[in-house]
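Here is the structure we will look at, set down as structure tokens.
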Amino acid sequence: GRCMCTEELSSLNDLRQKNLLCDAVLRLDDGGAFPVHRVILSMCSEYFRNLFTTTLHAREQNDVLLHGVNSDIMAQILDYIYTRKVDIHYGNVCQLLRSSAQIFSLLYFSYLHLLHFRTSCLLFNLPVPEGRVGSAWGPSQSCHFCAGLESHARRFVSRHFAHLSQHSEELLEMPVEELQAIIGAEDLNVKDEEVVWNCVLRWIDHDAENRKGHIAELMTNVRLGLIDETLFLERVRHHPYVTDNETCRPVIEEMQKFLHDKEMILANDKEFLTPKFASPRIPHDILFVIGGWTAGTIADSIETYDTRADRWIKVEEGDPTGPRVCHGTAVVGFNIYVIGGSDGVQFLSSVRCFNAVTKTCHEVAPMNASRGYLSVAVLGGLMYVAGGYADSRRHRTAERYDYRTNQWSMIASMNTHRSDASATALSDKIYVVGGCSGDGYLASAEVYHPQTNQWTNISPMFSTRSGLSCVAFQGSVYAVGGFVRAFGATSSGEKYDPETDTWTQISHLLNPRGNLALQVIDDAIFAIGGFSSETSSCQVERFDDRRNKWYEVADMNTYRTAMSACVVKGLPNAGDYIYKHRDRLLEEKRQRILTILRALTV
């Protein structure tokens, strides 16, 4: 039925609405009656085709009674059959899902497919509507047919829990069993367990007299072992809901024993296994590091970072894109595009696409030019590359890739030839900073405006930087590390404010490095790997912008420089890329401390 043009469909729908040339009537339990054209319904539904065309029926079926659907929903279904359009929104999605399930046997499959696809879009692509958790949760409870959608709805609530827990009024109306299911989920997307505790208090406060008795059972699903110790002692242990409820005593005692054992971690000879209430939850976003130089060879391995466990994981599959160095990566959806770079023999124009869900890889259209040491950014689902090095020269050309057409298109060239620069997207623009022009290292930076296809110079950085990395974070462009002279790595960093066109220096990295990677995950900037004056690095640091301070986090498993890093958000199979031995995290910490102490006593 999709071969009809829009004008023809509109004309047929007009005939239906005016009851012209109709040869059947659909009658509903609520008294509604809809004149229809049998040939149109037969084209769109096997049920109606059998009803209207087979000889099994004693008489011509031109007056049909349908059960289990009301007139409003039937009007929507017929509108779709005749126009291929359907209006799905938060206000009607639940009712549409219920009715589509009830009359599944007679609905055109593409309508159901569209309904479920667009409902999924409501859950994942639209902003949270004024904290209305029920808008996402409701369909999953009312429609047994929508088992897949229920999973999506739960994941939506889990992913946006930090926002919903503070702003959703409908969450406050949930029965305790549903709240338990939400906060007990392993993949609840919270980086701070205090958010969960505050949600429990908010839910109880909404009807304290009838709900405060649930405090003990709710506490068992809060990872109290991950809450700041001072906060636990002051705001959890001595909260009136807790002190007034005797059933909370075992929970509090277990937690206090855990705190004591953790403090005495070195005094115990036995293994210190991490209890569930101190085990990190599964993250939704995963940081990938791909390729780079390591020990004089090009790495073909992938590592991922589990932010919640602070652990790096070697991905079992080797890099399906093959060994690459001085390349770029870009993420669109769950696809990681590995762009250009070098295979150790030549600089490449080829681009490979790795799907983090299916773990399959395929080649896509190559760039118009070979590029190593290139700058890559993603804006509006389009990938932009600028500059780079190949054929003994540095580029100032730039191009854009559209995955929907699998085509690269040249865009305006930059004002300056640049390799070893870095790019990021911010406020619908692409920023490229630093690099090497061939005549020297650069402090200059420029911004690309996609609407006008123009590059504009912006204020230069305080320092020249080649082999730096930059990211957009909290409305600013952060530029960190790089080389200020041949093999002279810097630890300095600075940030650019587009509103004032000014750069401000930030605190120095703990370790100088160039050819590093910089990424944002869990609302923090991470500086990864790189090269100092002597060797490549496996060290990783996290930047706290509120304190303007860098902190060491877990090292990578491999020393890497000139690699590329990227973040895949909302990964449904994030569990494939996380640290599996969560029950051994504290024991690993104990063993590290003991190793250090033994080394000091030698």
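If you want this note's numbering, it's the position in the sequence shown, counting the first as 1, plus 337.
For each residue, glycine too, the CB sits at the ideal point set by N, CA and C.
Predicted model only: the values in this text are computed from it and were never measured.
> Is it the case that the Cβ atoms of residue 850 and residue 864 are separated by a distance below 9 Å?
Replying inline: Residue mapping note: residue 850 aligns to position 513 of the sequence shown, counting from 1. Residue mapping note: residue 864 aligns to position 527 of the sequence shown, counting from 1. Contact flag set, yes.
>> Taking a contact to mean a Cβ-Cβ separation below 9 Å, would you say residue 401 touches residue 362 in this structure?
In response: Against the sequence shown, residue 401 aligns to sequence position 64. Against the sequence shown, residue 362 aligns to sequence position 25. Contact: yes.
> For the beta strand (DSSP E) that contains residue 735, what are its first and last residues?
Replying inline: Counting from one through the sequence shown, the residue named residue 735 turns up at place 398. Segment 735-739, the beta strand (DSSP E) holding residue 735.
> Since residue 694 and residue 711 are thought to touch, with beta carbons under 8 Å apart, how far apart are those beta carbons, to the nearest angstrom?
Replying inline: As a position in the sequence shown, residue 694 is number 357, starting the count at 1. As a position in the sequence shown, residue 711 is number 374, starting the count at 1. Distance from residue 694 to residue 711 at the Cβ level is roughly 26 Å; contact not present, criterion being Cβ atoms closer than 8 Å.
> Any contact of the segment 770-782 with the segment 699-709, i.e. 3+ C-beta pairs under 8 Å?
Replying inline: A contact is defined here as three or more CB-CB pairs under 8 Å, and the segment 770-782 fails this definition with respect to the segment 699-709.
>> My output table needs one value for residue 786: the three-state DSSP class, helix, strand or coil.
In response: Translated into the one-based positions of the sequence shown, residue 786 becomes position 449. Of the three classes helix, strand and coil, the one that applies to residue 786 here is strand, per DSSP.
> Roughly how many angstroms lie between the CA atoms of residue 857 and residue 350, to the nearest whole one?
Replying inline: Taking the sequence shown and counting its residues from 1, the one referred to as residue 857 is at position 520. Taking the sequence shown and counting its residues from 1, the one referred to as residue 350 is at position 13. Rounded to whole angstroms, residue 857 to residue 350 spans 51 Å at the Cα level.
> Does the separation of the CB atoms of residue 847 and residue 889 fall below 9 Å?
Replying inline: On the sequence shown, residue 847 is found 510 positions in, with the first residue counted as 1. On the sequence shown, residue 889 is found 552 positions in, with the first residue counted as 1. Contact flag set, yes.
>> Check for me: the alpha helix (DSSP H) holding residue 409 runs from which residue to which?
In response: To locate residue 409, count along the sequence shown from 1; it is residue 72. In the DSSP annotation of this structure, the continuous segment of the alpha helix (DSSP H) that includes residue 409 starts and ends at 408-420.
>> DSSP three-state label for residue 384, please.
In response: Indexing the sequence shown from 1 puts residue 384 at position 47. Residue 384: helix per DSSP, three-state reduction.
> Cα separation between residue 675 and residue 910?
Replying inline: Indexing the sequence shown from 1 puts residue 675 at position 338. Indexing the sequence shown from 1 puts residue 910 at position 573. So the alpha carbons of these two residues sit roughly 20 Å apart.
> Just how far apart, CA to CA, sit residue 764 and residue 791?
Replying inline: The residue labelled residue 764 in the question sits at position 427 within the sequence shown. The residue labelled residue 791 in the question sits at position 454 within the sequence shown. Residue 764 and residue 791: Cα-Cα distance of roughly 15 Å.
> residue 699 lies in the beta strand (DSSP E); which residues open and close that run?
Replying inline: The residue labelled residue 699 in the question sits at position 362 within the sequence shown. Counting along the chain, the beta strand (DSSP E) containing residue 699 begins and ends at 697-701.
> Hey, out of 724, 781 and 766, whose CA is closest to residue 754's CA?
Replying inline: Taking the sequence shown and counting its residues from 1, one reaches residue 754 at position 417. In terms of CA proximity to residue 754, 724 leads the group 724, 781 and 766.
> If you drop the 5 nearest sequence neighbours on each side, which residues of the same chain put their C-beta closer than 6 Å to that of residue 524?
Replying inline: Sequence index remark: in the sequence shown, residue 524 carries index 187 (1-based). Excluding sequence neighbours, residue 524 sits near 495 and 619.
> So what's residue 933 in DSSP terms, helix, strand or just coil?
Replying inline: Position 596 of the sequence shown, counting from 1, holds the residue named residue 933. It is helical.
>> Which runs of the beta strand (DSSP E) at least 3 residues long sit entirely within the segment 744-792? Give them in chain order.
In response: 744-748, 759-763, 766-770 and 782-786
>> Just to confirm my understanding: we take residue 559, look at its own chain, exclude 5 residues before and 5 after, and list those with CB closer than 6 Å. What are they?
In response: Here the question's residue 559 lines up with position 222 in the sequence shown. 533 and 534.
> From 743, 739 and 735, pick the residue whose C-alpha is nearest to that of residue 751; which is it?
Replying inline: Along the sequence shown, read from residue 1 onward, the residue named residue 751 stands at position 414. Comparing Cα-Cα distances from residue 751 to each of 743, 739 and 735, the minimum goes to 735.
> Looking at the structure shown, is residue 920 part of a helix, part of a strand, or coil, going by DSSP?
Replying inline: Here residue 920 refers to the residue found at position 583 when the sequence shown is read from its first residue. Correct three-state label for residue 920: helix.
> Going by other Cβ atoms of all chains shown within 10 Å of its Cβ, with 16 needed for buried, is residue 806 buried or exposed?
Replying inline: What you label residue 806 is simply residue 469 of the sequence shown in a count that begins at 1. Looking at its Cβ environment, which holds 16 or more other Cβ atoms inside 10 Å, residue 806 is buried.
> So is residue 665 buried or exposed if we call it buried at 16+ other beta carbons inside 10 Å?
Replying inline: Start at 1 with the first residue of the sequence shown, and residue 665 comes out as number 328. Buried.
> Where are the beta strand (DSSP E) runs, 3 residues long or more, that stay fully inside the segment 846-925, in chain order?
Replying inline: 854-858, 861-865, 877-881, 886-890 and 901-905
> Quick check: the segment 889-905 against the segment 863-877, are there 3 or more CB pairs under 8 Å?
Replying inline: yes
>> Could you tell me the alpha carbon to alpha carbon distance between residue 398 and residue 488, rounded to whole angstroms?
In response: Position 61 of the sequence shown, counting from 1, holds the residue named residue 398. Position 151 of the sequence shown, counting from 1, holds the residue named residue 488. In a straight line, the C-alpha of residue 398 is about 40 Å away from that of residue 488.
>> Tell me which residues share the same chain as residue 404 and place their Cβ nearer than 7 Å to its Cβ, disregarding the 5 neighbours each side in the sequence.
In response: Taking the sequence shown and counting its residues from 1, the one referred to as residue 404 is at position 67. 366.
> What's the call for residue 747, buried or exposed, on a 16-neighbour Cβ count within 10 Å?
Replying inline: The count along the sequence shown starts at 1 and reaches residue 747 at position 410. Its Cβ having fewer than 16 others within 10 Å, residue 747 is exposed.
>> What does the alpha-carbon distance come out to for the pair residue 595 and residue 544?
In response: To locate residue 595, count along the sequence shown from 1; it is residue 258. To locate residue 544, count along the sequence shown from 1; it is residue 207. Straight-line Cα distance between these residues: approximately 32 Å.
> Thinking just about the alpha-carbon of each residue, which of 731, 346 and 788 is nearest to the one in residue 749?
Replying inline: Walking along the sequence shown from the start, residue 749 turns up at place 412. Answer by Cα proximity: 788.
> What three-state label does DSSP hand residue 578 in the structure shown?
Replying inline: Locating residue 578 in the sequence shown gives position 241, counting from the first residue. Of the three classes helix, strand and coil, the one that applies to residue 578 here is helix, per DSSP.
> When you compare each of 683, 681, 668 and 682 to residue 689 by their alpha carbons, which one comes out closest?
Replying inline: As a position in the sequence shown, residue 689 is number 352, starting the count at 1. The shortest C-alpha separation from residue 689 is found at 668.
> Where do the ends of the alpha helix (DSSP H) carrying residue 602 lie?
Replying inline: Position 265 of the sequence shown, counted from the first residue, corresponds to residue 602. Premise fails: residue 602 is in no alpha helix (DSSP H) and is neither H nor E.
> Under three-state DSSP, which class holds residue 359?
Replying inline: Counted from its first residue, the sequence shown places residue 359 at position 22. Correct three-state label for residue 359: coil.
> Taking DSSP as the reference, what is the three-state secondary structure of residue 399?
Replying inline: Here residue 399 refers to the residue found at position 62 when the sequence shown is read from its first residue. Three-state DSSP puts residue 399 in coil, outside helix and strand.
> When the Cα atoms are used, what is the spatial distance from residue 464 to residue 508?
Replying inline: Numbered from 1 along the sequence shown, position 127 holds the residue referred to as residue 464. Numbered from 1 along the sequence shown, position 171 holds the residue referred to as residue 508. With a pLDDT of 48 at residue 464, under the threshold of 50, the modelled position of that residue is not reliable, and no figure is offered here.
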